[in-house]
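K.L.:
If you scroll down you'll find the structure; I have some questions about it.
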Amino acid sequence: MMRNRGDRRVPARNQGTIRLALLVAAFGVWNAGCSSEGITVVSWGGSYEAAARKALFEPFSAETGIAVHVESYNGGLAQIRAQVETGNVHWDVVDLEFADAVKGCDEGLLELIDIDELPPAPDGTPARDDYFEGTYSDCGGGAVYYSTAYAYNRDSFTGERPSTIQDFFDLAKFPGRRGMRRVPFVNLEMALMADGVPTEEVYAVLSTPEGVDRAFRKLDTIKAEVVWWEAGAQPPQMLADQEVVMSTAYNGRIFNAQVLEGQPFTIVWDGQVLDYGQAAIVAGTPRLEAAKQFLMFASRVESIAAIGRYIAYSPTRRSGMSLISTHAETGVDMLPHMPSAPENLTRALRNDAVWWTNHAEELTERFSAWLAR
Amino acid sequence: MARTLSRARLRAAALTLPLLAFVGVTFIAPLGSMLVRSFHEPHVADALPQTLASLRAWDGASVPSEDTFRILATELRRLDQQRKLGGVATRINRLAGGMRSTIMDTARALRTAEPVSWRETLTATDPAWGDEAAWLAVRRAGERYTMRHYLNALDLDRDSSGNIVAQSPDRRIYLPLLLRTLGVSLAITFICLILGYPVAYLIANASPARANLLLLLVLVPFWTSLLVRTTSWIVLLQNQGVVNDLLVAAGIIGDDGRLALVYNMVGTLVAMTQVLLPFMILPLYAVMRSISPMYLRAASSLGATFWQGFVRVYWPQSLPGVAAGSLLVFILSIGYYITPALVGGRTGQLISNMIAYHMQESLNWGLAAALGVILLLAVMLLYLVYNRLVGIERMRLS
């Protein structure tokens, strides 16, 4: 088009069109230039995103000069799928729940990352051996462990306080309302653990129709007293207002309420369900190189452990365990607050992401039907 | 003369083209594509053409032949290499829980295996392949045009021989939810009418200055963010909230007898009524303002009591507003989503919450589309009944 202008005269009535075309082209270039300046990383908002900002995004930009634009979302694969299917990818790296990472990887929505490409541990142990079993997929390695456990407000109890997962389901011993997340995940597992199923058999029992019935029967015993929550910010609020006497919650949220707000909350680690997140690259991103650089940075043991200085989520790499130290702002010792601390693991279940990708839809329908009755 | 007139008419019609194009692109096209999704599911049929062709000849009563096993293995391998297997496995899994991992594990095993007998290799990786149920699920998932989303949305299912049967009672969810949605919408419409009618009457008959002030009071909450209003209701209604505190302080209820006003149907009804009330008041007000006070005066000068005058003179004239307001509130509440999600708790969920789940989380867009179509048909049916009873030409929005 530029050559055209010099070569021959353009009819006057076309000049307007050409000017418009140039404008559009210039805008396109400007637009592309803008987005190539940095990468877009999508996280979960709230205190977890704030931790990732300080522990990952800012140090990464300082080291590489690549800017990180942060966006927040509420999980799920719907937006990633829409971007990949329309070929208009503007998210580069997304922090996913592990079940979604596995599913998205299988469906080709995420870039393949060979586990051997990820940085080794400081002592040279390859990443493959350094990650805990099952915490990496074909699209990258896990980030941090988080846990759903139940917590209570000490002000709600004058006498004996709950200490086991059975107590959560025991209305006679501890009357009062309970908060639970309005999804089948975690709740069905906790119900079975409270009903006496050993942790290593929970998913085997839940794979049988009788096992599912058994879990729902256990949930039936407290159904009338349950307040259902949706967002992670709700349980600490409900506990502070004494709207409920105990509630399942993400341990990081309770930690923040305990340490930063001084709330009289106690976490009961018995029967906790551990899960982990994973950062992955959206398939077909035009900024693949920068996104990979970020993923490698975020997979370093030091980076993963740094998140644990701002929120009580612990590393998914073995070599990260010795790096757990103190809270960056208050100096509180972090280890006792970590879901993977040995004394918190006496009865702990690891969430089986693959099992849930098989059964989530069916059990969510059943759970919704059960709720509505 | 006639020619210039028709040209002017054409030019006027041309002015609506941008709007028509806008509606076409942003409304009709997406709606149409969702409608198609509810019965058209080509994904599995496109991914496993040869397996499905070979299953067409299969009797369905015993495990398929070695040949079918070989064809399936070849197609699974190809899909695995193209990274397209996940979507296929998810769809088959919807028809038989557990098939997703059966398929993914098999594909993973096939990456290295060089089998002599395909049948033995596949059943050794996952015994599910030795059961006809797995193959029936593959065959059914391969139907390009299917009614299964509609069956699912109506709490129906097919048994192994293909007959339509009712879903097992503990999985029946959509029909009760649809009925509940219709019931709640009717209740909200009725409450809005009871509350809104006197307010509209008051505004229509007040002095201009007072009418403006009252209208502002109606409109300010209307302009406030929906989320802010909904969360304020949580603050007011919760167990330790303002309303319960006042009742306890007044000695009406005891401290341990606090009322459950939120996270249940009460919360949904209260919050949705407040959110939708302006949609009732404004059309009512518009119609009432045009009713001359002379009519009521004439009625009373002819000896009618206030009630007789109201029932026989005023109410019939305000009916167009009642019709417009009720229809508006009813249709808005039938698709309401955020408020029930936030304050509905266990018993206050509506059908739109389930549609959102299938759109955003399970990614079962076919089922979401079928639910949407059923909801749309229900609304259209009610609209027709309404038209018969009230008459749509009598409805006035202003």
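Chains A and B supply the protein sequences, listed in that same order.
The first sequence begins at 1 in our numbering and counts up by one.
The second sequence begins at 1 in our numbering and counts up by one.
In this text, a Cβ means the ideal position worked out from N, Cα and C, and glycines have one as well.
#1: Indicate whether at least one CB of chain B lies closer than 9 Å to the CB of residue 44(A).
#2: Counting only Cβ-Cβ distances shorter than 9 Å, please list the residues of the segment 141-175 of chain A near chain B, keeping chain order.
#3: Which residue marks the beginning of the beta strand (DSSP E) containing residue 145(A), and which one marks its end?
#4: Put residue 326(A) into one of helix, strand or coil per three-state DSSP.
#5: Residue 42(A): which of 294(A), 117(A), 190(A) and 158(A) sits nearest, CA to CA?
#6: Out of curiosity, what's the CA-to-CA distance linking residue 100(B) and residue 223(A)?
#7: Which residue wins for smallest C-alpha separation from residue 107(A), given the options 113(B), 90(B) and 102(B)?
#8: Could you say if the segment 272-282 of chain B and the segment 194-202 of chain B meet the contact criterion of at least three C-beta pairs nearer than 8 Å?
#9: Which residues mark the beginning and the end of the alpha helix (DSSP H) in which residue 326(B) is found?
#10: So, helix, strand or coil for residue 72(A), using DSSP?
#11: Would a check of beta-carbon distances place residue 176(B) closer than 9 Å to chain A?
#12: Near residue 352(B), what residues of its chain come up, given a Cβ to Cβ distance below 7 Å and the 5 sequence neighbours on each side ignored?
#13: Determine, using beta carbons only, whether residue 110(B) and residue 55(B) come nearer to each other than 9 Å.
#14: Quick one: does residue 438(B) have its CB under 9 Å from some CB of chain A?
#15: Taking Cβ to Cβ, would you say residue 186(A) is nearer than 9 Å to residue 135(A)?
#16: Just reading off the beta strand (DSSP E) that residue 348(A) is part of, what are its end residues?
#17: For residue 365(A), return the contacting residues in chain B, with the cut-off set at a CB-CB distance below 7 Å.
#18: Which residues of the segment 243-275 of chain B have a Cβ closer than 8 Å to any Cβ of chain A? Give them in chain order.
#19: Between residue 294(A) and chain B, is there a C-beta pair that is closer than 9 Å?
#20: Just to confirm my understanding: we take residue 34(B), look at its own chain, exclude 5 residues before and 5 after, and list those with CB closer than 7 Å. What are they?
#21: Once the 5 residues before and after residue 146(B) are set aside, which same chain residues still bring their CB inside 7 Å of it?
#22: Starting from residue 156(B) and walking both ways along the beta strand (DSSP E), at which residues does that stretch end?
#23: I'd like to know whether the C-beta atoms of residue 199(B) and residue 233(B) end up nearer to each other than 9 Å.
#24: So, helix, strand or coil for residue 359(A), using DSSP?
#25: What are the boundary residues of the alpha helix (DSSP H) that includes residue 148(B)?
#26: Could I get the ranges of all uninterrupted alpha helix (DSSP H) runs contained in the segment 34-108 of chain A, with 4 residues as the minimum, in chain order?
#27: Since residue 273(A) sits in a beta bridge, which residues does DSSP pair it with?
#28: Just to make sure I have the definition right: I need the residues of chain B whose C-beta is within less than 9 Å of the C-beta of residue 81(A). Which are they?
#29: What's the call for residue 333(A), buried or exposed, on a 16-neighbour Cβ count within 10 Å?
#30: Within 10 Å of its beta-carbon, does residue 173(A) have 16 or more other beta-carbons around it, so buried, or fewer, so exposed?
#31: Residue 243(A): buried (16+ other C-beta within 10 angstroms of its C-beta) or exposed?
#32: Within the present structure, is the beta-carbon of residue 83(B) separated from the nearest heavy atom of the ligand SAM by less than 8 Å?
#33: Look at residue 273(A) and residue 147(A) and say whether their C-beta atoms are less than 9 Å apart.
#34: For residue 109(A) and residue 128(A), which I take to be in contact (beta-carbon distance under 8 Å), what is that distance rounded to the nearest angstrom?
#35: Spell out the partners DSSP gives residue 40(B) in its beta bridges.
#36: List, in chain order, every chain A residue whose beta-carbon is nearer than 9 Å to that of residue 205(B).
P.N.:
Inspection of the coordinates gives the following:
#1: By this cut-off, residue 44(A) is not an interface position.
#2: Per Cβ criterion, the list is empty.
#3: Residue 145(A) -> beta strand (DSSP E) spans 140-153.
#4: It is a strand residue.
#5: That would be 294(A), whose Cα lies nearest to the Cα of residue 42(A).
#6: Residue 100(B) and residue 223(A) have their C-alpha atoms roughly 31 Å apart.
#7: Looking at the Cα atoms, 90(B) is the closest of the given residues.
#8: Yes: the two stretches touch, three or more of their Cβ pairs being nearer than 8 Å.
#9: In the DSSP annotation of this structure, the continuous segment of the alpha helix (DSSP H) that includes residue 326(B) starts and ends at 315-334.
#10: In the three-state reduction of the DSSP assignment, residue 72(A) falls in the strand class.
#11: It does; some Cβ of chain A falls within 9 Å.
#12: Beyond the five residues adjoining it in sequence on each side, residue 352(B) comes within less than 7 Å, by CB distance, of 335, 336 and 337 in the same chain, given in chain order.
#13: Note that the C-beta distance between residue 110(B) and residue 55(B) is not below 9 Å.
#14: This structure does not reach residue 438(B), given that chain B is present from 1 up to 398, and the question cannot be answered.
#15: For the 9 Å CB-CB criterion, residue 186(A) and residue 135(A) do not form a contact.
#16: From DSSP, the beta strand (DSSP E) with residue 348(A) extends over 348-350.
#17: Against chain B, a Cβ distance below 7 Å from residue 365(A) picks out 171 and 173.
#18: Of all residues in the segment 243-275 of chain B, the ones placed with a Cβ closer than 8 Å to any Cβ belonging to chain A are 263, in chain order.
#19: Contact with chain B is absent for residue 294(A), since none of that chain's Cβ atoms lies less than 9 Å from the residue's Cβ.
#20: 369 and 372.
#21: Hits under 7 Å: 39 and 41.
#22: Counted as a single uninterrupted DSSP element, the beta strand (DSSP E) harbouring residue 156(B) occupies residues 156-158.
#23: With a cutoff of 9 Å on beta-carbon distance, residue 199(B) and residue 233(B) are scored as not near each other.
#24: Correct three-state label for residue 359(A): helix.
#25: Here the alpha helix (DSSP H) through residue 148(B) covers 148-153.
#26: Listed in chain order, the complete alpha helix (DSSP H) runs (minimum 4 residues) inside the segment 34-108 of chain A are 46-52, 58-64, 78-86 and 98-106.
#27: The partner list for residue 273(A) (beta bridge, DSSP) reads 148(A) and 349(A).
#28: Near residue 81(A) (Cβ distances below 9 Å), the residues of chain B are 363.
#29: Residue 333(A) is exposed by the Cβ-count criterion.
#30: Counting C-beta atoms within 10 angstroms of its own C-beta, residue 173(A) has fewer than 16 neighbours from the protein chains shown and is therefore classed as exposed.
#31: That one is buried.
#32: Absence of the ligand SAM is noted for the structure shown, with no ligands found whatsoever.
#33: When the beta-carbon positions are compared, residue 273(A) and residue 147(A) come within less than 9 Å of each other.
#34: By a beta-carbon distance limit of 8 Å, residue 109(A) does not contact residue 128(A). Their separation comes to about 24 Å.
#35: According to DSSP, which records beta bridges pairwise, residue 40(B) is partnered with 145(B).
#36: Going along chain A, no residue has its Cβ under 9 Å from residue 205(B), so there is no contact; the nearest lies around 44 Å.
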